[in-house]
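Taken in order, these protein sequences are the chains called A and B. The opening residue of the first sequence carries number 5 in the numbering used here; numbering runs sequentially from there. The opening residue of the second sequence carries number 5 in the numbering used here; numbering runs sequentially from there. The C-beta atom is built at its ideal place from N, Cα and C for all residues, glycine as well. A quick write-up on the structure given underneath.
2 protein chains.
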Amino acid sequence: MLFSGLPDEAFDRTLQPIDHFIFPPGCLLHESGRSGEFIFSIRRGLVKLINIAPGGVQRIVRLLGPGSSVGLELLDGEKGYRHPVVAVNEVDVCRIPVTTVKQLQADYPVLHDQVRERLQEQLDRADDWIVSMGTGPAKERVVNLLLMLGEICGDGNGDIEMLHLDDMAAIVGTSIETVSRIIAELKRHHLVYKVANHLYRLDRGALSVIIGDTAG
Amino acid sequence: MLFSGLPDEAFDRTLQPIDHFIFPPGCLLHESGRSGEFIFSIRRGLVKLINIAPGGVQRIVRLLGPGSSVGLELLDGEKGYRHPVVAVNEVDVCRIPVTTVKQLQADYPVLHDQVRERLQEQLDRADDWIVSMGTGPAKERVVNLLLMLGEICGDGNGDIEMLHLDDMAAIVGTSIETVSRIIAELKRHHLVYKVANHLYRLDRGALSVIIGDTAG
DNA sequence: CGAGGGGTTGACGCCGATCAAAGCTGGTGG
DNA sequence: CCACCAGCTTTGATCGGCGTCAACCCCTCG
């Protein structure tokens with residue numbers, strides 16, 4: 005969590021409350037309060053940061069799971085969020101007023117480091133995204149996405165909650181038909197197989213071979 | 005600069021010196037000192053952050069110009085840089101020991117904000133990159149790149165220093181031949197024309213039409 | 001049972017990768 | 001001052017991957 009490392013009494017004097025929310029899939033996080041006043045810390049589930057190009061085409065620029073923070077850009081004093089943020093699964097978040105974070109940063113300098121590490125983590129994620137989702141044939145990109153899903157919200161078994169086709173297409177930058185064909189082929193070769201409704205298991209070793217990762 | 009907002013006397017007690025370097029094109033910044041000890045602040049010129057995939061394929065994940073900082077990830081206590089950083093032009097930088105930044109952060113909390121803003125700026129840049137360089141036909145991506153070059157290191161006239169084909173290809177994710185054909189076509193239509201050796205001028209209005217930016 | 005939304009599958013055309021070869025250009029040495 | 005060479009750029013020909021359009025399937029829900 006964003007506040008790990010802070011003592012419990014740190015929160016005794018916060019002027020505004022830290023609330024806990026649960027969003028259903030497809031819900032826009034920002035609507036839970038007036039725009040640009042809250043930072044969210046994700047406890048469970050998956051959210052997508054989307055970019056809407058002039059023309060209406062959507063592209064997903066990041067997936068964030070448990071432990072990640074949303075809205076840190078508000079600390080720079082700007083009014084709005086950079087991207088619309090939408091729940092993919094059912095999502096469990098802490099909603100923290102920006103003023104509370106600023107206040108706590110002043111009282112506990114270690115929080116500065118926490119915030120910086122979150123930002124750095126997102127930057128690393130974005131760089132990885134540029135390489136994984138922006139390069140190579142469609143098949144490699146889809147496989148990269150599946151493996152990344154396992155890392156972000158893997159449940160230990162290596163099972164992932166499969167996204168909808170349009171989300172995956174908006175991530176890897178292809179048409180939904182192409183994604184459908186690729187995943188169908190992966191299923192035929194038993195590199196991906198269903199274990200429950202929307203829950204799929206990955207053969208990570210075999211998938212890693214496809215993207216040419218000789219380190220397995 | 006990274007230290008704007010700090011008083012001059014802040015640097016009187018720094019244990020290690022802040023040096024000034026000039027790198028020729030193609031030079032790896034990290035080699036100027038032992039690995040993982042320095043943060044660079046760019047004063048002039050352009051650097052590229054590159055990612056080398058297993059297999060040797062290079063992809064450029066970011067271009068940084070004057071005002072940007074390189075190596076902020078070292079503040080997280082890790083040993084190495086995330087990406088190799090290579091000078092594109094002749095580059096003018098300040099080399100700042102990580103320990104100096106940490107020391108100054110402790111003495112001047114406002115520096116925490118400066119660092120956070122730099123990170124946020126790079127995150128915004130990365131997100132924009134994902135959209136601009138990862139979506140749409142090759143022509144749009146190249147035009148986006150040219151316009152972005154003008155923003156990062158524009159000299160006011162709207163002139164840009166043209167990159168080499170292989171760099172542009174590594175940015176937009178196409179072959180060098182495709183980039184060459186696209187730029188040749190732009191020249192034919194007088195949307196781009198040479199004003200000096202490697203210096204080109206852009207017709208921004210007309211180029212904006214290509215990428216469908218109705219706000220032009 | 002019918003409607004609708006997502007997923008699947010096929011046919012076809014085009015964009016862009018690839019291979020190949022021919023200009024250009026700047027640097028080097030005679 | 002010129003010839004030469006290496007690396008970069010340009011251009012052409014060909015081919016495959018993937019976008020697009022269209023039809024169909026399947027599951028859910030009213």
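Give a yes or no on whether the minimum CB-CB distance between residue i and chain A is below 8 Å.
i                 : result
Leu150 of chain B : no
Ala173 of chain B : no
His193 of chain B : no
Gln124 of chain B : yes
Gly220 of chain B : The predicted position of Gly220 of chain B is uncertain, since its pLDDT is 38 and thus under 50; a value taken from the coordinates is nonetheless stated next. Taking Cβ atoms only, chain A never reaches closer than 8 Å to Gly220 of chain B, which makes this a no.
Gly177 of chain B : yes
His34 of chain B  : no
His168 of chain B : no
His24 of chain B  : no
Glu144 of chain B : no
Using a C-beta to C-beta distance shorter than 7 Å, which residues of chain B count as neighbours of residue i?
i                 : result
Thr18 of chain A  : None at all; the shortest Cβ gap to chain B is about 19 Å.
Asp128 of chain A : Arg86
Gly216 of chain A : Pro58 and Gly59
Who are the Cβ neighbours of residue i in its own chain at under 7 Å, not counting the five residues just before and after it?
i                 : result
His116 of chain A : Gln109
Lys143 of chain B : Ile186 and Ile214
Leu76 of chain A  : Ile43, Val119, Arg122 and Leu123
Val51 of chain B  : Leu33, Leu68, Val74, Val89, Val90, Ala91, Val92 and Val95
Tyr204 of chain B : Asp163, Ile164, Met166, Val196, Tyr197 and Lys198
Ser45 of chain A  : Met5, Leu6, Ser73, Val97, Cys98 and Ile100
Gly9 of chain B   : Val114 and Gln118
Gly30 of chain A  : Val90 and Ala91
Tyr112 of chain B : Leu10 and Ala14
Thr103 of chain A : Leu19 and Gln20
Leu211 of chain B : Val147, Leu150, Leu151 and Leu195
Of all the CB atoms in chain B, is at least one closer than 8 Å to the CB of residue i?
i                 : result
Arg208 of chain A : no
Arg205 of chain A : no
Asp111 of chain A : no
Val119 of chain A : yes
His202 of chain A : no
Met5 of chain A   : no
Under 9 Å between beta-carbons, which chain B residues line up against residue i? List them in chain order, please.
i               : result
Met2 of chain A : Summary: the structure shown does not reach residue 2 of chain A, with chain A confined to residues 5 through 220, and so no result is reported for it.
Excluding the 5 residues preceding and the 5 following residue i in the sequence, name in chain order all residues of the same chain whose CB lies nearer than 8 Å to its CB.
i                 : result
Asn55 of chain A  : Gln62, Arg63, Ile64, Val65 and His87
Val183 of chain B : Ala142, Val146, Leu169, Met172, Ala173 and Val176
Thr139 of chain B : Arg145
Below 8 Å on C-beta distance, what does residue i contact in chain A?
i                : result
Asp96 of chain B : The contacting residues do not exist; Asp96 of chain B stays about 24 Å from chain A at best.
Listing by chain order, which chain B residues have their CB less than 8 Å from the CB of residue i?
i                 : result
Asp131 of chain A : Leu53, Asn55, Val65, Arg66, Arg86, His87 and Ala130
Within a Cβ cutoff of 6 Å, which residues of the same chain sit near residue i, ignoring the five residues on either side of it in sequence?
i                 : result
Asp207 of chain A : Leu195
Leu53 of chain A  : Val65, Arg66, His87 and Val89
Asp23 of chain A  : Arg99
What residues from the segment 38–64 of chain A come within 8 Å of chain B, judged by C-beta to C-beta, listed N to C? Leu53, Asn55, Ala57, Pro58, Gly59, Val61 and Arg63
So, do the segment 51–71 of chain A and the segment 9–25 of chain A have three or more beta carbon pairs nearer to each other than 8 Å? In this structure the segment 51–71 of chain A does not touch the segment 9–25 of chain A; the number of beta carbon pairs closer than 8 Å is below three.
Selection of the segment 67–80 of chain A by Cβ proximity to chain B, strictly under 8 Å: Leu76, Glu77, Leu79 and Asp80
Three or more C-beta pairs below 8 Å linking the segment 123–143 of chain B and the segment 197–210 of chain B: no
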